[in-house]
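Chemist:
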Amino acid sequence: MVLQGWCVKDLSPRPKPFGKICCLRRLISALARSYLIVCICTCHRFSFHLLPLTSVHLRQQRYRPTMLEKPLLYARLFLWACRVLYHMGRQKAIASWNRSTLGLLGSSPPVERDRNIVIVGANFAGYHCAKILTDILPLNSRYKVVVVEPNSHFQFTWVLPRFCVVKGHEHKAYVPYGGQLRNAPEGSVEWIRDRVVDVSTDNVKLQNGQHVSYDYLVIATGSEIDGGLPTRANTTEKREAVRLLQEMQQRIEAAGKIVVVGGGAAGVELTADAQHKYPRKKITLVHSRSAVMHRFGKGLQKAALEALETLGCEVVLNDRVVSEDAAAKKVTLKSGRVIECDLFINCTGQKPASGFLKRLAPGSITETGNISVKPTLQIADDNLPNIYVCGDVADTKTPNPNARSASRQASVVADNILLETQGKLPRYTYKSDWADGQILLTLGLERAMMHCGDGKAELLIETKEKEEELMAARAWTGLGEKPYEDAYMDAENAKSNESAV
Numbered sequence: 024m025v026l027q028g029w030c031v032k033d034l035s036p037r038p039k040p041f042g043k044i045c046c047l048r049r050l051i052s053a054l055a056r057s058y059l060i061v062c063i064c065t066c067h068r069f070s071f072h073l074l075p076l077t078s079v080h081l082r083q084q085r086y087r088p089t090m091l092e093k094p095l096l097y098a099r100l101f102l103w104a105c106r107v108l109y110h111m112g113r114q115k116a117i118a119s120w121n122r123s124t125l126g127l128l129g130s131s132p133p134v135e136r137d138r139n140i141v142i143v144g145a146n147f148a149g150y151h152c153a154k155i156l157t158d159i160l161p162l163n164s165r166y167k168v169v170v171v172e173p174n175s176h177f178q179f180t181w182v183l184p185r186f187c188v189v190k191g192h193e194h195k196a197y198v199p200y201g202g203q204l205r206n207a208p209e210g211s212v213e214w215i216r217d218r219v220v221d222v223s224t225d226n227v228k229l230q231n232g233q234h235v236s237y238d239y240l241v242i243a244t245g246s247e248i249d250g251g252l253p254t255r256a257n258t259t260e261k262r263e264a265v266r267l268l269q270e271m272q273q274r275i276e277a278a279g280k281i282v283v284v285g286g287g288a289a290g291v292e293l294t295a296d297a298q299h300k301y302p303r304k305k306i307t308l309v310h311s312r313s314a315v316m317h318r319f320g321k322g323l324q325k326a327a328l329e330a331l332e333t334l335g336c337e338v339v340l341n342d343r344v345v346s347e348d349a350a351a352k353k354v355t356l357k358s359g360r361v362i363e364c365d366l367f368i369n370c371t372g373q374k375p376a377s378g379f380l381k382r383l384a385p386g387s388i389t390e391t392g393n394i395s396v397k398p399t400l401q402i403a404d405d406n407l408p409n410i411y412v413c414g415d416v417a418d419t420k421t422p423n424p425n426a427r428s429a430s431r432q433a434s435v436v437a438d439n440i441l442l443e444t445q446g447k448l449p450r451y452t453y454k455s456d457w458a459d460g461q462i463l464l465t466l467g468l469e470r471a472m473m474h475c476g477d478g479k480a481e482l483l484i485e486t487k488e489k490e491e492e493l494m495a496a497r498a499w500t501g502l503g504e505k506p507y508e509d510a511y512m513d514a515e516n517a518k519s520n521e522s523a524v
């Protein structure tokens with residue numbers, strides 16, 4: 024299948040038409056194909072543009088797709104998108120109704136918002152939950168949304184592997200907070216820049232020793248990693264994060280031999296970008312599984328491996344690094360192989376950030392560190408019905424957690440809290456959906472692959488990636504900020520200039 028402008032031309036073999044089944048197949052396929060463009064455009068929740076597509080392939084995963092599997096996959100994508108858009112529209116309608124009712128009835132906001140909905144963490148899940156709550160809570164509600172977040176800026180983590188390689192875009196990965204809440208009703212939101220270190224049944228303790236009471240608690244702390252970049256910068260200040268990215272760029276540029284560990288998205292993207300930018304370097308990717316991108320379909324696994332090898336990378340599978348000797352500039356694999364390297368980059372080791380909850384609810388922490396939840400996303404502890412969890416830290420059985428699934432979970436949490444504030448029982452539930460696992464994987468500086476699969480068939484859409492900064496500008500716009508205006512960085516640069524003088 025080839026997309027020519029706005030037209031779709033299917034070049035794949037077709038069975039001969041017969042009867043009503045073929046007509047139905049064509050109708051479903053045509054409707055779903057047209058909406059596939061929208062699905063492609065929203066493979067990241069901030070992107071609403073038409074990507075420059077070159078080809079679309081339907082590849083088999085376990086067996087050759089039957090005549091109906093292809094249109095059914097399109098149809099399921101279409102229905103998934105309709106459900107998501109319906110819930111978004113319903114929440115916007117509630118927000119509009121709240122504001123129109125206030126004007127018509129002349130009701131006034133309460134004198135004091137004396138009840139707290141505390142949200143711990145403000146990246147994809149937490150920030151989205153805060154926005155929805157401030158939109159859908161009645162204007163005369165007694166509830167205030169209190170966001171506790173240690174970082175100075177929203178971290179657009181998807182671009183970090185790319186910005187570890189290319190220069191001049193580091194600041195674009197960190198977006199100022201506040202844009203999404205700029206239109207929140209007066210007094211409806213409070214922002215506390217600190218870290219939660221402990222939780223009790225009615226309050227959270229901050230790193231500065233302060234206690235903040237809550238009526239409802241939303242835990243959206245995501246994941247953490249000890250090693251830092253390329254997954255996280257492990258600093259709360261944008262200024263320092265930018266410096267760390269620049270330092271990583273310099274280390275990659277200076278190294279002649281690089282070993283990257285981890286064949287997930289971050290490892291594959293960083294390896295491909297670095298090899299593309301520096302084709303003379305010897306870059307080896309080591310992965311402990313039998314295929315890179317092992318959580319996804321075999322079509323994407325094959326495409327990623329072929330892209331890496333075409334660029335000149337060496338990919339070592341079914342092996343792992345057991346020791347690193349920085350002084351001797353070498354790493355040793357479990358197989359006994361020794362690889363020389365000037366730079367070792369670890370793209371593994373992410374874990375849920377749930378440690379602060381262990382004292383209150385140790386039985387709700389799984390072996391992986393995730394927090395067990397009910398379908399309503401309440402913590403799986405009947406003694407704590409007013410605590411909700413969403414995002415990567417929640418144990419929702421989501422195979423490939425990402426911004427899309429985190430945002431859907433945040434929406435469920437916000438809806439259920441609204442019900443509870445009205446004296447009703449929470450009834451909205453979250454179930455992991457295969458369509459949430461869509462991914463846009465960059466395979467070098469000029470190429471990317473969008474993947475979507477349901478376990479039986481998969482869609483692979485190859486695109487030309489012309490933006491070196493990827494979708495950073497649209498991320499800023501989606502978060503309510505003008506790219507790339509940041510008063511924080513202006514002030515920091517002014518301080519640096521004064522110090523230099």
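In the working numbering, the protein residues as written are 24 to 524. Backbone N, C-alpha and C define an ideal beta-carbon position, used for all residues, glycine too.
1. From LEU483 to ASN409, what distance separates their C-alpha atoms?
2. Could you work out which residue in PHE177, SER455, LYS447 is closest to ALA22 when comparing CA atoms only?
3. Between which two residues does the alpha helix (DSSP H) harbouring SER255 extend?
4. Going residue by residue through the segment 282-347, where are the continuous beta strand (DSSP E) segments of at least 3 residues, counting only ones entirely within it?
5. Would the segment 345-359 count as touching the segment 481-495 if we require 3 or more Cβ pairs under 8 Å?
6. Rank LYS397, ARG138, LEU95 by C-alpha distance to the C-alpha of SER211 and give the top, closest one.
7. Where does the unbroken alpha helix (DSSP H) through TYR150 begin, and where does it stop?
8. Run the CB neighbour count on LYS261, radius 10 Å, all protein chains shown included, and call it buried at 16 or more, exposed below.
9. Let's test the definition: count the other Cβ atoms within 10 Å of the Cβ of GLU172 and tell me whether it reaches 16, buried, or not, exposed.
10. Under three-state DSSP, which class holds GLN461?
11. Report the rounded CA-to-CA distance for LEU204 versus VAL284, giving the unit in angstroms.
12. So the beta strand (DSSP E) ASN369 belongs to, where does it begin and stop?
13. Who are the near neighbours of LYS115 in its chain, counting only those whose CB is closer than 8 Å to its CB and skipping five residues on each side?
14. How would you call SER224, buried or exposed, if buried means at least 16 neighbouring beta carbons within 10 angstroms?
15. Closest by CA to GLY414, which one among ALA433, VAL396, ALA153?
16. Assign ASP249 to buried or exposed, taking buried as 16 or more other Cβ atoms, counted over all protein chains shown, within 10 Å of its Cβ.
17. Under 7 Å between the Cβ atoms of VAL2 and ASP296?
18. Using CA coordinates, which residue listed in ASP217, GLN324, ASP365 is at the minimum distance from VAL282?
19. Would you tell me roughly how many angstroms separate the C-alpha atoms of VAL219 and ALA98, rounded to the nearest one?
20. Of all the options ILE242, LEU468, TYR166, which has the alpha carbon lying nearest to the alpha carbon of ARG136?
21. Note down the Cα distance separating ALA104 from ARG303, rounded to an integer number of angstroms.
22. Could you tell me how far apart the beta carbons of HIS151 and SER430 are, in whole angstroms, since I believe they sit closer than 8 Å?
23. Which value, in whole angstroms, describes the spacing of the CA atoms of GLY320 and GLY476?
24. Mind checking PRO385: buried by the 16 CB within 10 Å criterion, or exposed?
25. Rounded to whole angstroms, what's the CA-CA distance from HIS317 to LYS420? Just pull it up for me.
26. Is PRO161 buried or exposed, if buried means 16 or more other CB atoms sit within 10 Å of its CB?
27. With GLU362 as the anchor, note down where its beta strand (DSSP E) starts and where it stops.
28. For GLN324, count neighbouring Cβ atoms within 10 angstroms of its own Cβ and tell me buried if that reaches 16, exposed if not.
29. Quick one: using the 10 Å Cβ neighbour count with 16 as the cut-off for buried, is HIS234 buried or exposed?
30. What three-state label does DSSP hand PHE379 in the structure shown?
31. If TYR200 and ALA145 are in contact, beta carbons under 8 Å, what's the gap, nearest whole angstrom?
32. Could you spell out the range, first to last residue, of the alpha helix (DSSP H) harbouring TRP214?
33. Kindly examine the ligand ATP and report whether one of its heavy atoms sits closer than 6 Å to the Cβ of GLY392.
34. Determine the direct distance from the alpha carbon of PRO422 to that of GLN84, and round the result to whole angstroms.
35. Report the CB separation of TYR239 from VAL227 in whole angstroms; it is logged as a contact under 8 Å.
36. Which same chain residues, not among the five before or five after SER346, have their C-beta less than 8 Å away from its C-beta?
Modeler: Well, looking at it:
1. 42 Å
2. With the chain running from 24 to 524 in the structure shown, residue 22 is simply not present.
3. What sits at residue 255 in the sequence shown is Arg, not Ser. ARG255 -> no alpha helix (DSSP H), and no H or E assigned at all.
4. 305-309, 337-339
5. no
6. ARG138
7. 147-159
8. With 16 or more neighbouring CB atoms inside 10 Å of its own CB, LYS261 falls in the buried class.
9. buried
10. coil
11. 39 Å
12. 366-369
13. ASP158
14. With the sequence shown as reference, residue 224 is identified as Thr, and Ser is not the correct amino acid for it. Counting Cβ neighbours within 10 Å, THR224 comes out exposed, since fewer than 16 surround it.
15. Of ALA433, VAL396, ALA153, the residue nearest in Cα terms is ALA433.
16. exposed
17. This structure gives no information on residue 2, because the portion of the chain shown stretches from 24 to 524.
18. ASP365
19. 43 Å
20. TYR166
21. 43 Å
22. 5 Å
23. 7 Å
24. exposed
25. 16 Å
26. buried
27. A quick correction: the sequence has Ile, not Glu, at residue 362. 361-363 is the span of the beta strand (DSSP E), which, as asked, contains ILE362.
28. buried
29. Label assigned to HIS234: exposed.
30. helix
31. 7 Å
32. First-last for TRP214: 212-215, but that is the beta strand (DSSP E), not the alpha helix (DSSP H).
33. The ligand ATP is absent from the structure shown, which contains no ligands of any kind.
34. Only weak support is given to the placement of GLN84: the predicted model assigns it a pLDDT of 38, under 50, and the value that follows is read from those uncertain coordinates. Approximately 17 Å between the Cα atoms of the pair.
35. About 12 Å; that fails the 8 Å criterion.
36. Once the five neighbours on either side are set aside, the close Cβ partners of SER346 are VAL354, THR355.
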